[in-house]
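Here the structure comes first, spelled out in structure tokens, and everything after it is commentary.
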């Protein structure tokens, strides 16, 4: 084991407390245990699985309708975005230093509402001074890219390339 493993793993009690602090409300002990087991000690996985469980309204039941994996949870989170917001997120995932100005060109329209939706959902983050947009976690980037069909990915790459000056 690497010495840094403990930095990325938490015990079950700490993960349970983190989930309940981030997603307050009644949690069935069995459902909370399923979230923790599926997370396998990974705090990010615990939060994503819990987020998806709450989105399904299943955290207080005797059984949970939970995602089968972290990848399914992350894709579910992205699928709850509006269609145009998802386009903006996918274009952001394919771009090295996306800004709102670049995304306006790439998507051929206004993007502020869609960027704001993704920011509020915690999918995107903005880094000042000229806000470069980033996905908040590499797994979100991977999922956003993975949800593109090959023809759509090629088209987005073509449009992004044409919009860049360098």
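Residue numbers (this note's numbering): -3 to 162. We put the beta carbon where it would ideally sit given N, CA and C, even for glycine.
Pairwise C-alpha distance: residue j and residue i
i	j	result
residue 70	residue 142	11 Å
residue 9	residue 120	29 Å
residue 78	residue 95	19 Å
residue 159	residue 76	28 Å
residue 86	residue 32	29 Å
residue 145	residue 151	10 Å
residue 15	residue 105	38 Å
residue 72	residue 161	35 Å
residue 7	residue 42	11 Å
residue 139	residue 63	15 Å
residue 38	residue 102	35 Å
residue 127	residue 19	29 Å
residue 133	residue 23	26 Å
residue 25	residue 13	12 Å
residue 29	residue 107	40 Å
residue 157	residue 83	16 Å
residue 123	residue 21	32 Å
residue 118	residue 68	17 Å
residue 97	residue 47	31 Å
Three-state secondary structure (DSSP) of residue i
i	result
residue 130	strand
residue 123	strand
residue 16	helix
residue 36	coil
residue 158	helix
residue 22	coil
residue 7	coil
residue 107	coil
residue 147	helix
residue 72	helix
residue 118	coil
residue 78	coil
residue 142	helix
residue 93	coil
Beta-carbon spacing of residue i, residue j below 8 Å
i	j	result
residue 155	residue 129	no
residue 50	residue 66	no
residue 89	residue 137	yes
residue 114	residue 91	no
Contact belief for residue i with residue j at Cβ below 8 Å, rounded distance in angstroms
i	j	result
residue 35	residue 11	6 Å
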